[in-house]
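Student: Protein chains in written order, with my numbering: chain A, 1 to 373; chain B, 374 to 619.
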């Protein structure tokens, strides 16, 4: 029975199957054309569960952490510690140039200096005032001296003219007298001229000194101003266009490397023998402070268990407590007496060898066996 | 070649839709896919045809048995059925009746071996009918057993091809490997798609053929019994009647 290409109602298998396959393929092409992508995988975070006690005693870092970076080699301690953040640039920013105090300032550079000194700035110091006053006084003195000299010279001229007129009028009667008078007058004039020249030289010298002093005062004042508010420097500082050197160290992720911690991974613990020794020491010290209550003088007593909390130096960090005591009144009395004894002792002597194990003996439960008194 | 470039280029180069998978496949893989798809079509054609044929045959058998046991005269029934080609029970009945008729039509009445001859005819007819029902079921069996292997062949060729590509590009990124393997596995998928219905249908249709065959045989035995009774009756009658006649 061969497959027939004509549609046959009794054997429609080929056509039915063909059409069904075509339909299925078409549906698959439409339905499966889009590929479902996997969701983004979330990585799990490893979690370790530890108890409170483990947390309090933990000193362990990350076991597989990288070794901390070695410090740069240093052979002596630097005088000036220079601490830089990791992101800081290697290059040091140059400090803006500063004018030395004694340096004289050129007028054109300096807006303050450009102002003429005579208007007397209101912020003039005492020294400046004094200098100026002195200069003024000197000037006055010079002027006075000059005036005096001129007056003297005038007087001398007048005297000379008078002497001449006198000599003319008196005629040559007294030639000797005249000559003498002339001689005197001349000498006088000469002396006067000399005095005048001397005064003039002095005045000149004084004037020079004054100018010099003035210049010096000006320079000093300007230096002071420059020191106080250096506008040029500020301007220069503000004008620097350099960006901030540090933008913070960046990376693919923030570094969170833990420190390596110690090799042991937890605080040192007392060995049983050490613990016994320490408790024995404590008990013997308590016994010294202990005075047995009268009720406990005879018979069996249940040893109380006491909670003692110590500081590193052996002093009590908190008040001692009774953790466990017998049921009878005697037992209670003994326990209370023990607590009193501990309070009385206040400070215990802990040998130095126990100090490294402080984390372990910070809290001690001591069974206090009362001594038979 | 920069691995990053390959990784970026890979999603662009590989269209992961069905048509894309088909077109990117190797030549041999393509042939395998087409062959398996054709096998699937053929297989379903056979399934549909056979299912219809068996249900038709079963209905025909029901109808024939109703008529046969309704007390209608066998001669009349034979006359009705003789005119057109019969199948199933009708074919068995017609074959037996024809042999029966022939035995009486000839001049020499040979009743001695008539039951044996009728049995032979019935056997042959049943065999022919069963053969007709069974035809092309072997195709289903073949597709069912060989389909996965053919698909696997396509997959192996595809994966080989894909691995040679990996070796050539020197890149083992999953983005490079995955499309080739996906298209290779597509061949196995088609093979299974063709084979699974074929196996299921083969088992179902085979068991139905067995049922029909046993039904034919049951009817043939019954009819053979009826005819041999008739023959015996006729022999007894005839043995007396010649004597009577003589």
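Every residue, glycine too, gets a C-beta built ideally from N, C-alpha and C.
Remember, it's a predicted structure, so these values are computed and weren't measured experimentally.
#1: Keeping to the same chain, check which residues put their C-beta closer than 7 angstroms to that of residue 567 of chain B; ignore five residues upstream and five downstream.
#2: With H, G and I counted as helix, E and B as strand and the rest as coil, what does DSSP make of residue 366 of chain A?
#3: Name, please, each residue of chain B whose Cβ falls closer than 7 angstroms to the Cβ of residue 11 of chain A.
#4: At a CB distance below 7 angstroms, what residues from the region 578-612 of chain B approach chain A? Give them in sequence order.
#5: Of the residues that make up the region 398-424 of chain B, which ones have a beta carbon closer than 9 angstroms to any beta carbon in chain A?
#6: So if DSSP puts residue 310 of chain A in a beta bridge, which residue, or which two residues, is it bridged to?
#7: May I have the straight-line CA-CA distance separating residue 157 of chain A from residue 200 of chain A, to the nearest angstrom?
#8: Run through chain B and tell me which residues come within less than 7 angstroms of residue 14 of chain A, C-beta to C-beta.
#9: Whole angstroms is fine: what's the gap from residue 424 of chain B's alpha carbon to residue 569 of chain B's?
#10: Cutting at 7 angstroms between CB atoms, please list the residues of its own chain near residue 464 of chain B, excluding the five before and the five after it.
#11: Does DSSP put residue 405 of chain B in a helix, in a strand, or in coil?
#12: Put residue 270 of chain A into one of helix, strand or coil per three-state DSSP.
#13: When the cut-off is 8 angstroms and only beta carbons count, does residue 20 of chain A lie next to chain B?
#14: CA-CA distance, residue 469 of chain B and residue 598 of chain B?
#15: Going along the chain, which residues of its own chain have a beta-carbon closer than 8 angstroms to the beta-carbon of residue 305 of chain A, five neighbours each way excluded?
#16: Could you tell me which of B/390, B/391, B/606 and B/400 sits nearest to residue 330 of chain B, measuring between CA atoms?
#17: Can you check whether the C-beta of residue 507 of chain B is within less than 8 angstroms of a C-beta belonging to chain D?
#18: According to DSSP, simplified to helix, strand and coil, what is residue 285 of chain A?
#19: So the alpha helix (DSSP H) residue 45 of chain A belongs to, where does it begin and stop?
#20: Counting only the same chain and skipping the five closest in sequence on each side, list residues whose C-beta sits under 7 angstroms from that of residue 459 of chain B.
#21: If you compare alpha carbons, which of A/343, A/175 and A/182 is closest to residue 161 of chain A?
#22: What does a CB cutoff of less than 8 angstroms around residue 28 of chain A pick up in its chain, not counting 5 residues either side in sequence?
#23: Any idea if residue 591 of chain B is buried or exposed, counting beta-carbon neighbours within 10 angstroms, 16 or more meaning buried?
#24: Could you confirm whether any beta carbon from chain B is found closer than 8 angstroms to the beta carbon of residue 56 of chain A?
#25: List, in chain order, every chain B residue whose beta-carbon is nearer than 7 angstroms to that of residue 17 of chain A.
#26: Can you check which of these residues, B/489, B/518 and B/461, is closest to residue 507 of chain B by C-alpha distance?
#27: For the candidate residues B/398, B/422 and B/407, whose alpha-carbon lies nearest to that of residue 10 of chain A?
#28: Kindly indicate which residue of B/505, B/595 and B/431 has the alpha-carbon position closest to the one of residue 585 of chain B.
#29: Looking only at its chain, what residues have a beta carbon closer than 8 angstroms to the beta carbon of residue 268 of chain A, apart from the 5 residues adjacent to it on each side?
#30: On a Cα-Cα basis, can you pick out the residue from B/471, B/523 and B/576 that is closest to residue 402 of chain B?
#31: Do you know how far the Cα of residue 580 of chain B is from the Cα of residue 607 of chain B?
#32: Taking residue 322 of chain A as part of the beta strand (DSSP E), name the residues at either end of that continuous run.
#33: For residue 586 of chain B, name the three-state secondary structure that DSSP assigns.
#34: Identify every residue that forms a DSSP beta bridge with residue 376 of chain A.
#35: Anyone know if the C-beta pair for residue 31 of chain A and residue 419 of chain B falls short of 8 angstroms?
Tutor: With the given structure in hand:
#1: Here residue 567 of chain B refers to the residue found at position 194 when the second chain is read from its first residue. Excluding sequence neighbours, residue 567 of chain B sits near 409, 412, 413, 416, 516 and 520.
#2: Within the first chain, residue 366 of chain A is the residue found at index 366, counting from 1. Three-state result, residue 366 of chain A: strand.
#3: Position 11 of the first chain holds residue 11 of chain A. Near residue 11 of chain A (Cβ distances below 7 angstroms), the residues of chain B are 422.
#4: none
#5: 410, 413, 414, 415, 416, 417, 418, 419, 420, 421, 422, 423 and 424
#6: Counted from its first residue, the first chain places residue 310 of chain A at position 310. Answer is A/316.
#7: Here residue 157 of chain A refers to the residue found at position 157 when the first chain is read from its first residue. Here residue 200 of chain A refers to the residue found at position 200 when the first chain is read from its first residue. Near 18 angstroms, if we compare the C-alpha coordinates of residue 200 of chain A and residue 157 of chain A.
#8: Along the first chain, one-based indexing puts residue 14 of chain A at 14. Result: 418.
#9: Along the second chain, read from residue 1 onward, the residue named residue 424 of chain B stands at position 51. Along the second chain, read from residue 1 onward, the residue named residue 569 of chain B stands at position 196. Rounded to whole angstroms, residue 424 of chain B to residue 569 of chain B spans 17 angstroms at the Cα level.
#10: One-based indexing of the second chain puts residue 464 of chain B at position 91. Closer than 7 angstroms at the Cβ level, and outside the excluded window around residue 464 of chain B, lie 498 and 502.
#11: In the second chain, residue 405 of chain B corresponds to position 32, counting from 1. Residue 405 of chain B: helix per DSSP, three-state reduction.
#12: Translated into the one-based positions of the first chain, residue 270 of chain A becomes position 270. Residue 270 of chain A falls in the coil class under three-state DSSP.
#13: Taking the first chain and counting its residues from 1, one reaches residue 20 of chain A at position 20. Taking Cβ atoms only, chain B reaches closer than 8 angstroms to residue 20 of chain A, which makes this a yes.
#14: By one-based count along the second chain, residue 469 of chain B stands at place 96. By one-based count along the second chain, residue 598 of chain B stands at place 225. Answer to the nearest angstrom: the Cα atoms are 11 angstroms apart.
#15: In the first chain, counting from the first residue as 1, residue 305 of chain A sits at position 305. Correct list, in chain order: 322, 323, 324, 325, 365, 366, 367 and 368.
#16: Residue coverage of chain B in this structure runs from 374 to 619, which leaves residue 330 of chain B outside it and unanswerable.
#17: As a matter of chain content, chain D is missing from the structure shown, whose protein chains are A and B.
#18: Within the first chain, numbered from 1, the residue matching residue 285 of chain A stands at position 285. DSSP places residue 285 of chain A in helix when its eight states are reduced to three.
#19: As a first step, residue 45 of chain A must be located in the first chain, where it is residue number 45. Per DSSP, residue 45 of chain A belongs to no alpha helix (DSSP H) and is neither H nor E.
#20: Walking along the second chain from the start, residue 459 of chain B turns up at place 86. Once the five neighbours on either side are set aside, the close Cβ partners of residue 459 of chain B are 467.
#21: The sequence position of residue 161 of chain A within the first chain is 161, counting from 1. Answer by Cα proximity: A/182.
#22: One-based indexing of the first chain puts residue 28 of chain A at position 28. None.
#23: Numbered from its first residue, the second chain carries residue 591 of chain B at position 218. Looking at its Cβ environment, which holds fewer than 16 other Cβ atoms inside 10 Å, residue 591 of chain B is exposed.
#24: Residue mapping note: residue 56 of chain A aligns to position 56 of the first chain, counting from 1. No, its Cβ sits nowhere closer than 8 angstroms to a Cβ of chain B.
#25: For this step, residue 17 of chain A is matched to residue 17 along the first chain. Result: 414, 417, 418 and 421.
#26: Position 134 of the second chain holds residue 507 of chain B. Measuring from the Cα of residue 507 of chain B, the nearest candidate turns out to be B/461.
#27: Along the first chain, one-based indexing puts residue 10 of chain A at 10. Residue 10 of chain A has its Cα closest to that of B/422, out of B/398, B/422 and B/407.
#28: Counting from 1 along the second chain, the entry for residue 585 of chain B is found at position 212. Considering only alpha carbons, the answer is B/431.
#29: Here residue 268 of chain A is taken as the residue at index 268 of the first chain, counted from 1. Correct list, in chain order: 356, 357, 359 and 360.
#30: As a position in the second chain, residue 402 of chain B is number 29, starting the count at 1. Residue 402 of chain B has its Cα closest to that of B/523, out of B/471, B/523 and B/576.
#31: The residue labelled residue 607 of chain B in the question sits at position 234 within the second chain. The residue labelled residue 580 of chain B in the question sits at position 207 within the second chain. If I take the Cα positions, the gap works out to 40 angstroms.
#32: Counting from 1 along the first chain, the entry for residue 322 of chain A is found at position 322. Looking at the DSSP string, the run of the beta strand (DSSP E) that includes residue 322 of chain A is 321-324.
#33: The residue you call residue 586 of chain B lines up with position 213 of the second chain. Here residue 586 of chain B sits in helix by DSSP.
#34: This structure gives no information on residue 376 of chain A, because the portion of chain A shown stretches from 1 to 373.
#35: Residue numbering aside, residue 31 of chain A sits at position 31 when the first chain is read from its first letter. Residue numbering aside, residue 419 of chain B sits at position 46 when the second chain is read from its first letter. Their beta carbons are not under 8 angstroms apart, which means residue 31 of chain A does not touch residue 419 of chain B by this criterion.
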